[in-house]
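Novice: Heads up: the sequence shown at position 167 corresponds to 457 in our numbering, and the numbers run straight through without jumps. Even glycine gets a Cβ: it sits at the ideal position worked out from N, Cα and C. Quick caveat: nothing in here was measured; it's all calculated off a predicted structure.
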Amino acid sequence: MEHQILEQLWTRALYPEKANPESWNQELETLYRYGIGIEEVMRYLYFEKPELHQFYDWIASRHTDDRLQSETMTTDVLSEADLQFWEANGYVVVRNAISEEDCNATVRAIWEFLDRKPEDRDGWYRQHEGQRGLMLTFSDHPILNKNRSSERIRKAYEQLYGTDKIFKTIDKVSFNPPETDSYHFLGSPLHWDVSLKQPIPLGLQGLLYLTDCGPEDGAFHCVPGFHNEIGKWMSGLKEEENPREVALQTLEAIPVTGKAGDFVIWHQALPHCASANHGTKPR
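1. Which whole runs of the alpha helix (DSSP H) in the segment 299–380 are 4 residues long or more, in chain order?
2. If I measure Cβ to Cβ from Glu365 and keep anything under 8 Å in the same chain, skipping five residues before and after, which residues do I get?
3. Assign Asp392 to buried or exposed, taking buried as 16 or more other Cβ atoms, counted over all protein chains shown, within 10 Å of its Cβ.
4. Does the beta-carbon distance from Arg385 to Asp552 come in below 8 Å?
5. Can the beta-carbon of Leu538 be found less than 8 Å from the beta-carbon of Leu480?
6. Tell me whether Asp405 is buried or exposed, calling it buried when 16 or more other Cβ atoms sit within 10 Å of its Cβ.
7. Classify Tyr324: buried if its beta carbon has 16 or more other beta carbons within 10 angstroms, exposed otherwise.
8. Could you check the C-alpha separation between Pro533 and Thr540 for me, to the nearest Å?
9. For Gln294 versus Asn310, is the C-beta distance shorter than 8 Å?
10. Mind listing, in chain order, the continuous alpha helix (DSSP H) runs of no fewer than 4 residues lying wholly within the segment 435–520?
11. Tell me the rounded alpha-carbon separation between Ser565 and Ile326.
12. Based on the DSSP output, what are the partners of His562 in its beta bridges?
13. State the start and end residues of the unbroken beta strand (DSSP E) segment that holds Trp556.
14. Please report the distance separating the alpha-carbon of Leu486 from that of Asp410.
15. Buried or exposed: where does His343 fall if 16 or more other Cβ atoms within 10 Å of its Cβ makes it buried?
16. Figure out for me which residue from Glu390, Asn567, Ala559 and Leu450 has the closest Cα to the Cα of Met524.
17. Is Arg573 buried or exposed, if buried means 16 or more other CB atoms sit within 10 Å of its CB?
18. On the CB-based measure, 16 or more other CB atoms within 10 Å of its CB, does His568 come out buried or exposed?
19. Please classify Glu377: is it buried, with 16 or more other beta-carbons within 10 angstroms of its beta-carbon, or exposed?
20. Since I believe Ile456 is in contact with Pro469 (beta carbons under 8 Å), could you give me their beta-carbon distance rounded to a whole number of angstroms?
21. Could you pull the start and end residues of the beta strand (DSSP E) that Pro545 belongs to?
22. Is it the case that the Cβ atoms of Val546 and His517 are separated by a distance below 8 Å?
23. Work out the CA separation of Gly452 and Asp372 for me, nearest whole Å.
24. Would you mind sorting Leu368 into buried or exposed? The rule is 16 or more other CB atoms within 10 Å of its CB.
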């Protein structure tokens, strides 16, 4: 069955006219269960154009063994107050989702990927071939896989989704150094990562703070409570208005601060963004 799904992904990349439009979510889930990110796979397929058997072999060679997964938590991570906050605001912070030790190990792995040293301030601003704005094409590392296996994060998602039939996604890391006279913020403005066709279904996004992040340190921003208002807001727009542009002009996002190891979860209906770092260290 999994080979059939992988074949559909291979077909999508190399023979898009033959792709099955209904199988995309299955393809993503299969990749994530193998511990492989979609960007890495598509880069391989587009540039290498392998035969199908070569693609199977490549997937097998990249497969991450998920033995780091610990026993499933039975104790709730989010309190009743957390859940009430979530319902009202559309986001919540999971405190101490990973340990300080794992945060430090992850930060070291990012510096190693960038081939830079944290004490070399000039190096913070040297462009790396793996940088795309704030994002780094860095998703495959033992410590990243360990972080993704955090049972506190998984349990929080289970509580919010109302089911344990979920799977973790494989995504990249970001690097946001402080602004200077010659370096300016490379991130996106306020946006959604989802179609605005109503109603927007429940879908959760998240990010992990690896360092302490105050309001001036490049914190994640969102418009709290907007998941409860977006339907009415959309219906009030004029036909010729672009909701994404109107959001930029009229909505006010707030910073969501956190300590190293905290994990922010938000409803995909919330407009959100990263922000310029006016602190003293990269975020």
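Specialist: Short version:
1. 314–324, 328–338, 342–352 and 370–379
2. The residue you call residue 365 lines up with position 75 of the sequence shown. The amino acid at residue 365 is misidentified as Glu; the sequence shows Thr. Cβ neighbours of Thr365 beyond the five flanking positions: Lys445.
3. By one-based count along the sequence shown, residue 392 stands at place 102. It is buried - the Cβ of Asp392 has at least 16 other Cβ atoms within 10 Å.
4. For the purposes of this step, residue 385 is identified with residue 95 of the sequence shown, where counting begins at 1. For the purposes of this step, residue 552 is identified with residue 262 of the sequence shown, where counting begins at 1. Yes, the pair counts as a contact, with Cβ atoms nearer than the cut-off.
5. Residue 538 sits at position 248 when you count from the first residue of the sequence shown. Residue 480 sits at position 190 when you count from the first residue of the sequence shown. Yes, the pair counts as a contact, with Cβ atoms nearer than the cut-off.
6. The count along the sequence shown starts at 1 and reaches residue 405 at position 115. Counting Cβ neighbours within 10 Å, Asp405 comes out exposed, since fewer than 16 surround it.
7. Here the question's residue 324 lines up with position 34 in the sequence shown. Flag for Tyr324 reads buried.
8. The residue given as residue 533 occupies position 243 in the sequence shown. The residue given as residue 540 occupies position 250 in the sequence shown. Between Pro533 and Thr540, the C-alpha separation is close to 10 Å.
9. Residue 294 sits at position 4 when you count from the first residue of the sequence shown. Residue 310 sits at position 20 when you count from the first residue of the sequence shown. No. Outside cutoff.
10. 441–451
11. The residue given as residue 565 occupies position 275 in the sequence shown. The residue given as residue 326 occupies position 36 in the sequence shown. Approximately 28 Å, taken between the alpha carbons.
12. The residue you call residue 562 lines up with position 272 of the sequence shown. His481 and Cys512, per the DSSP bridge assignment.
13. Counting from 1 along the sequence shown, the entry for residue 556 is found at position 266. Note, Trp556: beta strand (DSSP E), Phe553 to His557.
14. Position 196 of the sequence shown, counting from 1, holds the residue named residue 486. Position 120 of the sequence shown, counting from 1, holds the residue named residue 410. One C-alpha to the other measures close to 43 Å.
15. Counted from its first residue, the sequence shown places residue 343 at position 53. His343 is exposed by the Cβ-count criterion.
16. Here residue 524 is taken as the residue at index 234 of the sequence shown, counted from 1. For Met524, the nearest C-alpha among the options comes from Ala559.
17. On the sequence shown, residue 573 is found 283 positions in, with the first residue counted as 1. Per the 10 Å Cβ criterion, buried.
18. As a position in the sequence shown, residue 568 is number 278, starting the count at 1. It counts as exposed.
19. By 1-based counting over the sequence shown, the position of residue 377 is 87. With fewer than 16 other Cβ atoms within 10 Å, it is exposed.
20. Here residue 469 corresponds to residue number 179 of the sequence shown, with the count starting at 1. Here residue 456 corresponds to residue number 166 of the sequence shown, with the count starting at 1. For the record, residue 469 in the displayed sequence is Glu; it is not Pro. With 8 Å as the limit, Glu469 and Ile456 do not qualify as a contact, their Cβ atoms being about 37 Å apart.
21. To locate residue 545, count along the sequence shown from 1; it is residue 255. Per DSSP, Pro545 belongs to the beta strand (DSSP E) from Ile544 to Val546.
22. Along the sequence shown, read from residue 1 onward, the residue named residue 546 stands at position 256. Along the sequence shown, read from residue 1 onward, the residue named residue 517 stands at position 227. Not a contact, by the Cβ cut-off of 8 Å.
23. Position 82 of the sequence shown, counting from 1, holds the residue named residue 372. Position 162 of the sequence shown, counting from 1, holds the residue named residue 452. Their Cα atoms are separated by approximately 15 Å.
24. Locating residue 368 in the sequence shown gives position 78, counting from the first residue. It is buried - the Cβ of Leu368 has at least 16 other Cβ atoms within 10 Å.
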